[in-house]
Structures are given as C-alpha cells and as structure tokens.
Amino acid sequence: MQTATTDGRSGVHACAIPASDEQLWEMTAAFVTAGLTAGEQVVYFDDGTVDAVLERLVDDRVPVHGPLSDGQLTVVGAAQTRQVVRGPVRDAAVLLADMIDRAVGAGYPGFRMTGQWSSGLVRGDGISLADYDAALDTVLTGRPARVLCLYDRHRFPDDAIEQLRFRHRIELDAPALYDDNLLRITRTAPFRMRLAGEVDHSNRPVVLRMVAATLDEALRSHSAPTTLEFDLSSLRFLDGAGAIGLVHAAEGFPESQRLALHGVRPGVARILDRCGAPFAAQLDVTPHHGEFADDGFGDGVAPALPGGRR
Amino acid sequence: MRVETTRSAGVVRLRHGAGFTSSADDVAAQAAPLVAAARTRGEPVALAVRPATAAALEDMLARTAPVTAPTTGPFAAAPGPPVLLCGPEGPDRSGQTLAARWACELRTLTRTRGGVTVIVEHDGALDGIDGRFWTELDAALNVALTDLAATVVCLYPQLPLHLEVAEGARRNHPLLLVDGALRQNPAHREPRDVLAARGAPAPALLGPPDRRIGFDTWQLAAVRDGVAQAARAAGCDRDRVDDLVLAVNEVATNAVEHGSGDAHLDVWTGDAVRELVCEVHDGGALRDPLPGLRAPHPSDPRGRGLWIARQLCDLLHVWSDAAGTHVRIRALP
Numbered sequence: 001m002q003t004a005t006t007d008g009r010s011g012v013h014a015c016a017i018p019a020s021d022e023q024l025w026e027m028t029a030a031f032v033t034a035g036l037t038a039g040e041q042v043v044y045f046d047d048g049t050v051d052a053v054l055e056r057l058v059d060d061r062v063p064v065h066g067p068l069s070d071g072q073l074t075v076v077g078a079a080q081t082r083q084v085v086r087g088p089v090r091d092a093a094v095l096l097a098d099m100i101d102r103a104v105g106a107g108y109p110g111f112r113m114t115g116q117w118s119s120g121l122v123r124g125d126g127i128s129l130a131d132y133d134a135a136l137d138t139v140l141t142g143r144p145a146r147v148l149c150l151y152d153r154h155r156f157p158d159d160a161i162e163q164l165r166f167r168h169r170i171e172l173d174a175p176a177l178y179d180d181n182l183l184r185i186t187r188t189a190p191f192r193m194r195l196a197g198e199v200d201h202s203n204r205p206v207v208l209r210m211v212a213a214t215l216d217e218a219l220r221s222h223s224a225p226t227t228l229e230f231d232l233s234s235l236r237f238l239d240g241a242g243a244i245g246l247v248h249a250a251e252g253f254p255e256s257q258r259l260a261l262h263g264v265r266p267g268v269a270r271i272l273d274r275c276g277a278p279f280a281a282q283l284d285v286t287p288h289h290g291e292f293a294d295d296g297f298g299d300g301v302a303p304a305l306p307g308g309r310r
Numbered sequence: 001m002r003v004e005t006t007r008s009a010g011v012v013r014l015r016h017g018a019g020f021t022s023s024a025d026d027v028a029a030q031a032a033p034l035v036a037a038a039r040t041r042g043e044p045v046a047l048a049v050r051p052a053t054a055a056a057l058e059d060m061l062a063r064t065a066p067v068t069a070p071t072t073g074p075f076a077a078a079p080g081p082p083v084l085l086c087g088p089e090g091p092d093r094s095g096q097t098l099a100a101r102w103a104c105e106l107r108t109l110t111r112t113r114g115g116v117t118v119i120v121e122h123d124g125a126l127d128g129i130d131g132r133f134w135t136e137l138d139a140a141l142n143v144a145l146t147d148l149a150a151t152v153v154c155l156y157p158q159l160p161l162h163l164e165v166a167e168g169a170r171r172n173h174p175l176l177l178v179d180g181a182l183r184q185n186p187a188h189r190e191p192r193d194v195l196a197a198r199g200a201p202a203p204a205l206l207g208p209p210d211r212r213i214g215f216d217t218w219q220l221a222a223v224r225d226g227v228a229q230a231a232r233a234a235g236c237d238r239d240r241v242d243d244l245v246l247a248v249n250e251v252a253t254n255a256v257e258h259g260s261g262d263a264h265l266d267v268w269t270g271d272a273v274r275e276l277v278c279e280v281h282d283g284g285a286l287r288d289p290l291p292g293l294r295a296p297h298p299s300d301p302r303g304r305g306l307w308i309a310r311q312l313c314d315l316l317h318v319w320s321d322a323a324g325t326h327v328r329i330r331a332l333p
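Top line first, the protein sequences correspond to chains A and B.
Following this note's numbering, the numbering of the first sequence begins with 1 at its first residue and continues without gaps.
Following this note's numbering, the numbering of the second sequence begins with 1 at its first residue and continues without gaps.
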C-alpha cells in the first residue's frame with residue numbers, strides 16, 4: 001500500500017483513515033479544493049457531515065458559493081446517499097458511471113467524489129462496502145475520475161477499516177503535530193501552525209508548549225521570520241486560561257519576535273479581548289474572514305460558518 | 001528595553017458602613033445628610049432603597065439649599081439626580097450576583113466622577129428563610145467593591161425579623177454610622193471569616209434536571225455541547241451561545257481542577273424555559289467563598305474564569321455544603 005501526502009490528486013481510487021473529525025474535515029476539504037481548483041466537478045455524498053466540510057472550506061478560504069450555485073460542487077443529500085450505499089452494487093456503479101460521463105459531457109476536465117458512506121456498514125444482506133470498492137475500480141477504469149473513500153475511526157469499526165483499506169492501492173495521509181480528537185495542530189509552513197477544534201483544560205498545556213517550542217526554534221534559526229504565525233480559522237473554542245496563556249506568551253516574547261493569531265473567530269476573539277490581547281504589544285490578532293450571517297445557501301447545504309458549529 | 005509593571009497589593013478604597021434605624025422615617029433621616037454631603041462634594045449618589053425612601057430623600061433634597069458643587073477640578077459639574085441601582089432579578093436571590101452587578105454599575109459611575117456615595121436599605125422581602133441574603137450581599141460588596149472609591153452605607157432595622165440580618169451587618173461592615181458619622185466597627189470580620197460561619201445560602205430547589213452530564217477533565221467538550229444545545233433551545237443567538245458556553249466551561253473547568261473529580265452538569269430545558277438554567281456540582285471544598293467577584297491582576301495566569309463567567313451570566317450563585325461545591329447559572333437570551 002502506498003502512503004501519499006494529501007494533495008488530493010495522487011490516485012484514482014484512494015482511501016484515507018482519519019483519526020479524528022478535524023482530520024476528516026481537513027482531508028475532505030483538501031480533496032474537494034483540489035478538484036475545484038482543477039476545474040473538475042466535485043460530488044460530496046452527505047450523511048450529516050456536509051456542514052462541517054463546507055465550514056472547513058470557508059476556513060480554508062475556498063470559494064464555495066459559486067461552485068454550489070453552478071453545480072461544480074454538488075452535495076448529494078443524506079437520504080440519497082444512504083439509498084446508494086444500501087442499494088444494489090450494480091445500481092451504484094451505474095449511477096457513478098452516469099455521473100462521471102455527464103460531468104465529462106458538460107465540459108468538466110475531470111470528476112471527483114467523496115463523502116460519508118458509513119451508513120453502508122449497517123446493511124444485513126451480506127454485501128459490504130468492499131464490494132462497492134471493487135465495483136468502483138471497474139467504473140473508474142478509463143474514466144477521468146478520482147474517488148476518495150473516507151473511513152474515519154469515529155464512524156467505522158477497526159476491523160471494517162482494516163478490511164477496506166486493503167482494497168485501495170493508495171492511502172492518503174495528513175500528518176499532524178498533535179491530534180487528540182478535540183484539537184488538531186498541523187504545521188502549514190515553517191513557523192506557521194494551524195489549530196483546528198477546541199482548546200480547553202485537557203489540551204491547553206499542549207498549545208502553550210507548542211508556542212514556546214516554536215519560539216525556541218525560531219530563536220535558534222538564522223532564517224526564521226520575526227513573527228510566529230498561528231492560524232486559528234478552524235479553532236471553535238478557546239477557554240479563558242488558554243487565552244491568558246497566549247497573551248502572556250506573546251508578552252514574554254523577546255522584542256525581536258511577535259506572535260500573530262490569524263483567522264480568529266468572533267467567540268475566540270472576545271475571550272482574547274477579555275484577557276488583555278489588545279494590550280499585548282507583541283500580539284497581533286486578525287479576525288476570521290468568513291461571513292457570519294445567513295448567506296442564502298438554502299436546501300440544507302448551507303455551510304455552518306464560523307460559530308455555527310461548535 | 002521592556003519596563004515590566006510591578007505588582008502591588010490592592011488598595012482598599014471602599015468605605016462600607018452600617019447604620020441601624022428605628023423606623024422608615026429614620027431611614028430617610030439618617031440617609032439624607034449623607035446624600036446631601038455627597039452632592040456638596042459633587043459626587044454622584046446611588047440608591048438601593050425602597051421607593052418610599054427614594055421619594056422621601058428626593059423631597060428632602062429638593063427642600064434643602066441647591067447643590068454648591070465645586071466650580072473647578074474634576075468634580076466641577078453638578079451631580080445629576082440619584083441613580084437607582086438594580087435589584088435582584090429572576091426567581092433566585094443571590095447576594096453575590098447582586099454585588100457583582102452593582103460593582104459593574106458603580107464602576108461606570110466612578111469612571112468619570114471619581115467617587116460615589118451609595119445608600120442601601122434593608123428590604124425584608126429579600127430576607128429569604130433566614131436573612132442570610134444580606135450577610136452574603138455585604139460580604140460580597142466588601143470583595144467586589146474593595147478597590148472602588150465608594151462610600152456604601154447600609155441601613156438596617158434595629159430589630160429585624162431575622163437575627164442574622166443584624167448580626168451579619170455587625171460582622172460585615174468595617175464602619176458603623178453613629179450620630180451621622182462613620183466610625184470604626186470593632187466587630188468587623190473579613191468576608192472569608194464571616195462566610196465561614198454561615199456561607200452563601202443554597203437557592204431554591206429546581207426539581208429534577210432535564211439532562212445530567214457527568215464529566216471530568218477530558219469530557220468538558222460534552223459539557224459545552226450540552227450547554228450550547230440548551231442555550232440555542234432558550235433562544236440565544238450565536239454570539240450569546242458562544243459566550244454562555246464559555247461561561248459554563250469556565251465553571252466546569254474549576255470543578256474538575258479544584259473539585260473531587262466527580263463533577264456533573266444539570267441542565268433544565270423545555271419549551272417553557274426561555275433562559276439557560278444549569279448547575280455545576282462537584283465534591284470539592286470551596287476555598288474562596290466568593291470567587292470571581294474581582295478581576296484578577298492582568299499578570300495572574302489563572303483566576304479569571306469565574307470573573308468572566310459572572311460578567312456573561314445574569315445569575316451566577318456559588319454555594320457549598322457537605323456534598324461539595326455548587327454553582328447555579330441563569331442567563332437570558
């Protein structure tokens with residue numbers, strides 16, 4: 001089995017085994033983004049997860065209004081998703097082949113598909129998702145399509161995951177510096193971290209240690225920037241002691257260094273304000289770029305924009 | 001070069017006195033000179049008195065000579081009419097919550113005027129079953145207002161229905177109003193000592209909760225989810241939900257950090273409940289009987305959570321008993 005980094009373009013039929021929801025949203029959004037960027041049609045089979053995926057896309061500054069409106073990004077509703085993964089394998093194969101052919105016929109250079117198919121685990125007729133994977137390989141042969149099967153550990157049991165992952169030649173991975181199912185920290189560039197999820201009493205020390213370690217690394221590097229950057233676009237909660245910790249950390253920086261918090265959501269910004277962030281000379285806080293009012297997505301596919309999903 | 005701020009012990013600026021009155025007329029009679037003196041100094045006056053007393057004071061002031069406020073200096077402008085402080089709201093009587101709200105109101109008043117004189121009148125309707133509301137309120141005022149340039153005079157009946165009212169007043173007030181002057185009170189005790197003998201009263205029981213969530217350090221996310229659901233059900237908008245989740249999370253964090261580890265959250269929901277009502281319980285002892293009433297120093301790494309929670313909630317009442325420490329929270333949308 002091949003393990004590739006998650007650029008979303010590495011295979012025709014790949015799988016990923018996210019260990020946490022935050023990793024699931026991150027990998028799904030990366031796969032969708034790659035398709036949208038390439039001009040492909042992207043289909044997401046929803047089963048209660050699309051809000052989180054769209055929210056992550058907004059966090060990632062991926063324009064989704066246009067693609068949702070013109071059909072480049074299509075969300076298949078939960079009921080239809082369950083119908084597909086619980087129905088005959090042949091029907092699913094025909095549907096997929098038809099979707100790909102229609103996309104190509106409409107002028108898209110390619111097609112990609114992913115989604116939440118865990119409802120296929122509960123069927124009792126002896127057919128497993130592995131049978132779908134086999135059929136998928138057949139359909140994808142000779143067609144310009146990519147499929148990412150997501151077998152996250154919250155929704156798929158370990159034995160099913162092991163069975164399904166060996167049906168795929170390619171497994172995508174997205175390494176993290178830290179992931180405890182509540183908070184995920186990734187390095188997006190040297191001296192730039194991204195926090196996704198929630199910071200509370202259980203994982204706050206990790207964040208503060210990460211800030212200290214990054215500062216230490218920067219001070220020892222001759223080429224480090226003077227600003228350490230933390231992207232908080234996907235950070236939905238920060239507790240009071242966490243906010244104090246970040247403010248005090250910035251206040252303790254050497255004069256040559258600054259701490260920049262980017263994409264801060266309103267709720268997180270308020271607690272930072274209450275904890276003295278505006279008075280910390282070496283702390284920069286920039287707000288989230290997202291839209292916070294109802295923005296007319298409609299049809300149950302409106303992304304839960306920042307603050308909408310905790 | 002960085003010049004660090006240096007921490008220093010907080011300065012007590014509050015003057016908190018008790019006076020004992022023989023009748024309703026005596027309340028106005030004892031309060032009037034204090035109010036008149038404050039107006040002469042150009043200080044604003046805040047009242048937490050019964051309507052009849054407020055009317056009597058205003059009438060008395062109207063009949064006295066016009067205010068001769070200083071013509072120069074920071075208090076040059078003539079003070080406006082007395083400000084009426086808020087009273088307890090909602091079904092629960094929490095002296096600590098009322099003290100926190102008064103602190104907020106008085107801080108606003110003193111921000112521009114330097115000092116303030118406050119007259120508080122005992123109201124038997126707030127006594128509860130034993131009068132401990134007033135003991136809790138005065139102790140909480142000593143904590144919440146300690147750095148405020150305020151002169152707070154509380155007027156109690158000489159013979160209250162509940163003995164606790166008079167005894168609590170004698171223990172809580174550093175000053176006594178005697179013959180129109182504030183004098184040292186030898187019976188005064190610190191708030192912690194006062195409440196060690198008789199702590200903040202438990203609020204009225206609410207009945208079985210609609211939802212109970214047990215939690216430890218690694219399950220605070222479940223607490224936040226439960227609060228968010230209840231807050232949304234109560235009609236809170238997105239920002240309010242976020243703030244209340246933060247408030248309850250801070251209380252719950254205190255419970256797992258300082259409690260015995262068997263903490264739980266009780267939530268009351270339902271169509272008729274248009275506010276967030278919840279309680280956090282843990283088996284730990286209450287070290288500070290009135291936590292979160294003062295903003296911690298900016299350099300303090302901890303101790304800000306309950307203070308923030310108090311700012312965000314309409315009621316935050318902390319009490320303890322043999323079973324542990326308990327916090328009731330009420331918050332309107």
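Ideal Cβ placement from N, Cα and C applies to all residues, glycine included.
All figures in this text were calculated on a predicted structure; none of them were measured in a lab.
Interface residues of chain A around residue i at Cβ under 8 Å?
i      : result
B/G305 : D239, G240 and A241
B/E257 : H201
Determine the chain A residues that contact residue i at a beta-carbon separation under 9 Å, and present them in chain order.
i      : result
B/A231 : By Cβ distance, chain A contributes nothing, its closest Cβ being about 10 Å from B/A231, past 9 Å.
B/P301 : A241, I244, G245 and H248
B/E250 : D239, G240 and A241
B/T253 : D200, H201, D239, G240 and A241
B/E105 : Under the 9 Å cutoff, chain A gives no residues; its nearest Cβ is about 19 Å from B/E105.
B/I308 : G240, I271, R274 and C275
If I'm right that residue i touches residue j with Cβ under 8 Å, what's the distance once you round it to whole angstroms?
i      : j      : result
B/D138 : B/H162 : That pair is no contact at about 14 Å.
B/P191 : B/L290 : 6 Å
A/G242 : A/R270 : Actually they do not touch by this definition, with Cβ atoms about 13 Å apart.
A/L182 : A/E198 : 5 Å
B/R212 : B/H264 : 6 Å
B/A28  : B/A56  : 4 Å
A/V58  : A/Y44  : No, A/V58 and A/Y44 are not in contact; Cβ-Cβ is about 14 Å, not under 8 Å.
Could you tell me the distance, in whole angstroms, from the CA atom of residue i to the CA atom of residue j?
i      : j      : result
B/H16  : A/A260 : 45 Å
B/V227 : B/R238 : 13 Å
A/G120 : A/A134 : 15 Å
A/P144 : A/R265 : 38 Å
B/A169 : A/I185 : 54 Å
B/N249 : B/C154 : 35 Å
A/V50  : A/Q23  : 14 Å
B/A247 : B/A48  : 28 Å
A/H289 : A/D131 : 43 Å
B/T135 : B/V143 : 13 Å
B/V152 : B/E121 : 11 Å
A/D91  : A/V75  : 19 Å
B/R50  : B/L34  : 17 Å
B/N158 : B/R198 : Note on identity: in this sequence residue 158 of chain B is Gln, with Asn being the wrong assignment. Each residue's alpha carbon lies about 21 Å from the other.
B/Q30  : B/G19  : 8 Å
B/R132 : B/A99  : 14 Å
A/R187 : A/V211 : 12 Å
A/A174 : A/Q80  : 29 Å
Let me know the secondary structure DSSP gives residue i once reduced to three states.
i      : result
B/C278 : strand
A/I185 : strand
A/F191 : coil
B/R171 : helix
A/R204 : helix
A/C275 : coil
B/L41  : In the sequence as displayed, the identity of residue 41 of chain B is Arg instead of Leu. The answer is helix: DSSP assigns B/R41 an H, G or I state.
B/Y156 : strand
B/T146 : coil
B/C86  : coil
A/F31  : helix
A/G242 : helix
For residue i, return the contacting residues in chain B, with the cut-off set at a CB-CB distance below 7 Å.
i      : result
A/G276 : P298
A/V202 : According to the sequence provided, residue 202 of chain A is Ser. The question's Val does not apply to it. Within 7 Å Cβ-Cβ: T217, W218 and L220.
A/E198 : A221
So which residues of chain B does residue i contact, with C-beta pairs closer than 9 Å?
i      : result
A/P266 : R238, D239 and D242
A/R270 : D239, D242, D243 and L246
Below 7 Å on C-beta distance, what does residue i contact in chain A?
i      : result
B/I213 : By Cβ distance, chain A contributes nothing, its closest Cβ being about 15 Å from B/I213, past 7 Å.
Please compile the residues from chain B whose C-beta is within a distance smaller than 8 Å of the C-beta of residue i.
i      : result
A/L182 : A221
* Would you list, in sequence order, the uninterrupted alpha helix (DSSP H) runs of no fewer than 4 residues that lie entirely inside the region 71-129 of chain A? => Qualifying alpha helix (DSSP H) stretches, in chain order: 78-86 and 89-105.
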